[in-house]
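Residue numbers (the UniProt record's numbering): 1 to 105.
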């Protein structure tokens with residue numbers, strides 16, 4: 001096959017393979033909805049209070065992070081190091097909440 005100037009051979013793509021769909025059995029369908037990933041699992045009373053307090057702390061930290069981002073946009077914050085610290089703090093708190101929820105279930 002001879003190609004002219006500026007012509008490029010076109011490779012044909014193979015047809016996409018289709019996987020068989022997973023069929024749920026009757027027993028799977030009867031089970032209720034799964035616990036969402038982002039929400040804490042139901043826990044024992046002592047630890048539950050700690051988890052709720054952690055979630056409230058998390059909300060406060062997220063608001064503070066939003067304020068820091070706003071300050072960064074307006075230029076009143078010299079660099080992004082405070083934002084990075086706040087993000088790490090949020091990650092630590094989130095990890096603590098998850099581990100507390102796992103310990104009690």
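C-beta atoms are modelled at their ideal positions from N, C-alpha and C, and glycine is treated no differently. Note that the structure is a prediction, hence the values are computed from the model and not measured.
- Annotation: residue 68 to residue 100 spans about 28 Å, alpha carbon to alpha carbon.
- In this model, residue 58 and residue 94 are separated by some 7 Å (Cα to Cα).
- Assignment of residue 13 by DSSP, reduced to helix, strand and coil, places it in the coil class.
- Here the alpha carbon of residue 91 sits roughly 11 Å from the alpha carbon of residue 62.
- Taking each of 64, 53 and 12 in turn and checking the Cα distance to residue 88, the smallest one comes out for 64.
- Residue 97 counts as buried, since no fewer than 16 other beta carbons sit within 10 angstroms of its beta carbon.
- The alpha-carbon separation between residue 84 and residue 60 amounts to approximately 16 Å.
- Around the beta carbon of residue 51, 16 or more other beta carbons lie within 10 angstroms, which makes this residue buried.
- About 11 Å separates the CB atoms of residue 86 and residue 77; that is not less than 8 Å, and the two are not in contact.
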